[in-house]
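*Asks:* For the protein sequence lines, the chains are H and S, in the order given.
Mapping of the first sequence onto our numbering: residues -1 to 126, in sequence order.
Mapping of the second sequence onto our numbering: residues -1 to 126, in sequence order.
Yeah, the Cβ is synthetic: ideal placement off N, Cα and C, and Gly gets one too.
Protein chains: 2
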Amino acid sequence: MQNAHLQPAAYPINLTHKASLIDQQWSPRVVAEMNDYQFKVVRIEGEFIWHSHPETDEAFLVLEGTLRIDLPQGCVHVNPGELYVVPRGVMHRTAAQGEAKLMMIEPRGILNTGHEDDARTAQNDVWI
Amino acid sequence: MQNAHLQPAAYPINLTHKASLIDQQWSPRVVAEMNDYQFKVVRIEGEFIWHSHPETDEAFLVLEGTLRIDLPQGCVHVNPGELYVVPRGVMHRTAAQGEAKLMMIEPRGILNTGHEDDARTAQNDVWI
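So this is what it looks like as structure tokens:
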């Protein structure tokens, strides 16, 4: 998809609306690309698994609800309109009480579970 | 600043609040980094100059107000919670009637005016 957007898009992307179209939680969907990075939206609820991405930082922007990110030293709570970047190699676990809608930004090809081969690994590079 | 965030931050970044701290319009300020990319916030009003970035796509997320992006084929209007990616090499001009607050995402080192040497080129890599 590297060259799919060389023509400017006709419309902007409404992130919360896109997230609301996803049929299941914990299933990131790509909504746009910037160079070799992807913008993904996801609906989450409950707790994910601990994992890390040794090769890349990972950015989270909260659209609705509250995202809790568990980190080795404690946790942060990220509210709508707030951004948090998990540095590469840092173990983390995303969680939400009730549903949260998020945008994630990371290089194309990064799996949601890092290098954990887990039942919760989502299919990658699926657009919505 | 490449390695400045190897330790997880203690708090998320409230983007609108950060933008409100900037003392002048059209002066992007860096709020976070992800690998070699920077997240910048900016307050704009009126029209910028036409320019392009031949080396990179550029992403805009609107926080408050409405961003108009003029493009060779017309314009798009981007509202709060909406994302728009201007493809590399595409001429564009940002504008807003009344003030708009935005987040921009682009590789470190990209000037706001592209390769136009203009009075409106802002100082680069200034954090807030």
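1) Check whether the Cβ of phenylalanine 37(H) lies closer than 8 Å to any Cβ atom in chain S.
2) Starting from threonine 92(S), trace the alpha helix (DSSP H) both ways and give me its first and last residue.
3) To the nearest angstrom, how far is the alpha carbon of methionine -1(S) from that of serine 50(S)?
4) Starting from leucine 148(H), follow the alpha helix (DSSP H) in both directions and report where the run begins and ends.
5) In whole angstroms, what is the alpha-carbon distance linking alanine 7(H) and aspartate 116(H)?
6) Residue range of the beta strand (DSSP E) that valine 74(H) falls in?
7) Output, in chain order, the set of chain S residues within a Cβ distance shorter than 9 Å of threonine 14(H).
8) Does the beta carbon of aspartate 55(H) come closer than 8 Å to any beta carbon on chain S?
9) Measuring alpha carbon to alpha carbon, tell me which residue in Glu62(H), Pro70(H), Trp125(H) is nearest tryptophan 48(H).
10) Any beta-carbon of chain S closer than 8 Å to the one on glutamine 71(H)?
11) Looking at phenylalanine 37(H) and isoleucine 108(H), is the spacing between their C-beta atoms short of 8 Å?
12) Based on Cα-Cα distance, which residue from Asp55(H), Ala120(H), Ala93(H) lies nearest to threonine 64(H)?
13) Please go through the same chain and pick out, in chain order, the residues whose beta-carbon is closer than 6 Å to the beta-carbon of leucine 81(S), but skip the five residues on each side of it.
14) Using alpha carbons as the reference points, say which of Asn110(S), Val84(S), Lys99(S), Leu4(S) lies closest to isoleucine 67(S).
15) For a contact defined as C-beta to C-beta under 8 Å, what are the partners of asparagine 33(H) on chain S?
16) For chain S, is any of its Cβ atoms less than 8 Å away from the one on isoleucine 126(H)?
17) Mapping DSSP to helix, strand and coil, what is tyrosine 9(H)?
18) Between the alpha carbons of methionine 32(S) and glycine 87(S), how many angstroms are there, rounded?
19) Could you tell me whether any Cβ in chain S is nearer than 8 Å to the Cβ of isoleucine 47(H)?
20) Applying a beta-carbon distance threshold of less than 9 Å, which residues of chain S neighbour alanine 94(H)?
21) Return no unless some Cβ of chain H is closer than 8 Å to the Cβ of isoleucine 42(S).
22) Going straight from the alpha carbon of asparagine 110(H) to that of glutamine 5(S), what length do you get?
23) In this structure, does DSSP put valine 60(H) in helix, strand or coil?
*Replies:* Once the coordinates are examined:
1) yes
2) From DSSP, threonine 92(S) is part of no alpha helix (DSSP H) but of the beta strand (DSSP E) over 91 to 105.
3) Low confidence applies to methionine -1(S): its pLDDT is 44, below 50, so where it sits in the model is not reliable enough to give any reading.
4) Residue coverage of chain H in this structure runs from -1 to 126, which leaves residue 148(H) outside it and unanswerable.
5) 36 Å
6) Note, valine 74(H): beta strand (DSSP E), 72 to 76.
7) Gly79
8) Chain S contact via Cβ: present.
9) Pro70(H)
10) yes
11) no
12) Ala93(H)
13) Leu59
14) Val84(S)
15) Simply Thr54, Asp55, Arg86, Pro105.
16) Chain S contact via Cβ: absent.
17) Residue state, collapsed to three classes: coil.
18) 23 Å
19) no
20) Ordered by position in chain S, no residue passes the 9 Å Cβ test against alanine 94(H), which lies about 14 Å from the chain.
21) In terms of beta-carbon proximity, isoleucine 42(S) stays away from the interface with chain H, with every pair separated by 8 Å or more.
22) Cα to Cα, asparagine 110(H) sits roughly 21 Å from glutamine 5(S).
23) strand
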